[in-house]
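**Student:**
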Amino acid sequence: MNPDYFDAHLTHLGWQQVDNLRNHVHSSGLINKIDLVIASPLMRTLQTAVGVFGGEGYTDKADVLPLMVANAGACNRAAISSLNAPPIVAVELCREHLGVHPCDRRRSVSEYQFLFPAVDFSLIDSDEDIWWKANVRETKEELAARGMKFMNWLWTRNEKEIAIVTHSGFLFHTLNGFGNDCNPLVKKEISKHFANCELRSMVIVDRSMTGSTASTTNYPGKIPPGLDLPSDVADEKLPK
2 MNPDYFDAHL THLGWQQVDN LRNHVHSSGL INKIDLVIAS PLMRTLQTAV GVFGGEGYTD
62 KADVLPLMVA NAGACNRAAI SSLNAPPIVA VELCREHLGV HPCDRRRSVS EYQFLFPAVD
122 FSLIDSDEDI WWKANVRETK EELAARGMKF MNWLWTRNEK EIAIVTHSGF LFHTLNGFGN
182 DCNPLVKKEI SKHFANCELR SMVIVDRSMT GSTASTTNYP GKIPPGLDLP SDVADEKLPK
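Note that the sequence shown covers residues 2 to 241 in the numbering used here.
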């Protein structure tokens, strides 16, 4: 495995794909709905997250930190503003397949904090990468189990609209555990590999919690109050 690919950054083509996804996220209005962005703490996913969901027109005179400094990861890109951008949080659980491949080994959190000042790295316990092993590749079963742990962690978040910037391998093995009780077409759609910079919207439902919380969009009606009588009730009250 070539060590030159350590924590691989986006290529020129990768940044073009990021720009196109950003245009879609803005033109569709999705950017206005996102409460939180979760990113795998690797260079390519952090660059993707800030490139797609970051603000516009950062200047050094701004009194807020940038999401990304200029030329982070040798990208030859200007700094990216955090103004009017959703919060971005790095989460270790949604990293790519661990071990052996240098491209999937991360840098220290300290280095990332310098390159991505407004990204929140507080949920990562270790500054150095203690998860990646040079001679041990995470099994598919271990990756899927880590994915389920990540999904369970998602339930602890209060945000409703969450964008997750992660990796095709992680998503494939994680989502493959879902949809077994759905229509085969739904299961097939869930289990497909993701293309680079592909975006899919999914609604995740915990069936054990169905009906346990009040809807935030229900409306009680009868405001202001007045007399009303449904026609089926009126029929019952009419003399036979």
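All residues carry an ideal CB built from backbone N, CA and C; glycine is no exception.
These numbers come from a predicted model, not from an experiment.
1. Reducing DSSP to helix, strand and coil, say where L22 ends up.
2. Exposed or buried, Y6, counting other C-beta atoms within 10 Å across all chains shown (16 or more means buried)?
3. Bridge partners of I39, per DSSP?
4. How far does the alpha helix (DSSP H) with E143 in it reach, from first residue to last?
5. Look up D105 in the DSSP assignment and say whether it is helix, strand or coil.
6. May I have the straight-line CA-CA distance separating R201 from I131, to the nearest angstrom?
7. Under the rule that 16 or more other beta-carbon atoms within 10 Å means buried, what is I89, buried or exposed?
8. Classify P67: buried if its beta carbon has 16 or more other beta carbons within 10 angstroms, exposed otherwise.
9. Tell me, which residues are paired with I81 by DSSP?
10. If you run the structure through DSSP and keep just helix, strand and coil, what is D5?
11. Can you tell which of N3, V38 and G74 has the C-alpha that lies nearest to the C-alpha of I165?
12. In its own chain, which residues sit with a C-beta less than 7 Å from the C-beta of L172, not counting the 5 before and 5 after it?
13. For the segment 175-212, which segments carrying the beta strand (DSSP E) assignment without a break, of at least 3 residues, lie completely within its bounds, in sequence order?
14. Buried or exposed for L14, going by 16 or more other Cβ atoms inside 10 Å?
15. Within 10 Å of its beta-carbon, does S41 have 16 or more other beta-carbons around it, so buried, or fewer, so exposed?
16. Could you tell me whether the segment 177-186 touches the segment 111-120, using the rule of 3 or more Cβ pairs below 8 Å?
**Tutor:** Taking the geometry as given:
1. If you number the sequence shown from 1, residue 22 lands on position 21. DSSP places L22 in helix when its eight states are reduced to three.
2. Start at 1 with the first residue of the sequence shown, and residue 6 comes out as number 5. Y6 comes out exposed.
3. Position 38 of the sequence shown, counted from the first residue, corresponds to residue 39. V90 and I165.
4. Here residue 143 is taken as the residue at index 142 of the sequence shown, counted from 1. Note, E143: alpha helix (DSSP H), K141 to L155.
5. Residue mapping note: residue 105 aligns to position 104 of the sequence shown, counting from 1. Three-state result, D105: helix.
6. For this step, residue 201 is matched to residue 200 along the sequence shown. For this step, residue 131 is matched to residue 130 along the sequence shown. Looking at the two C-alpha atoms, the distance is approximately 31 Å.
7. Stepping through the sequence shown from its first residue, residue 89 is reached at position 88. That one is buried.
8. One-based indexing of the sequence shown puts residue 67 at position 66. When all chains shown are included, P67 counts as buried.
9. Position 80 of the sequence shown holds residue 81. I81 is bridged to M69.
10. Here residue 5 corresponds to residue number 4 of the sequence shown, with the count starting at 1. Three-state DSSP puts D5 in a helix.
11. In the sequence shown, counting from the first residue as 1, residue 165 sits at position 164. Checked all of N3, V38 and G74; the closest Cα to I165 is V38.
12. Taking the sequence shown and counting its residues from 1, the one referred to as residue 172 is at position 171. Hits under 7 Å: F195.
13. none
14. Indexing the sequence shown from 1 puts residue 14 at position 13. It is exposed - the Cβ of L14 has fewer than 16 other Cβ atoms within 10 Å.
15. Translated into the one-based positions of the sequence shown, residue 41 becomes position 40. Flag for S41 reads buried.
16. No: the two stretches stay apart, fewer than three of their Cβ pairs being nearer than 8 Å.
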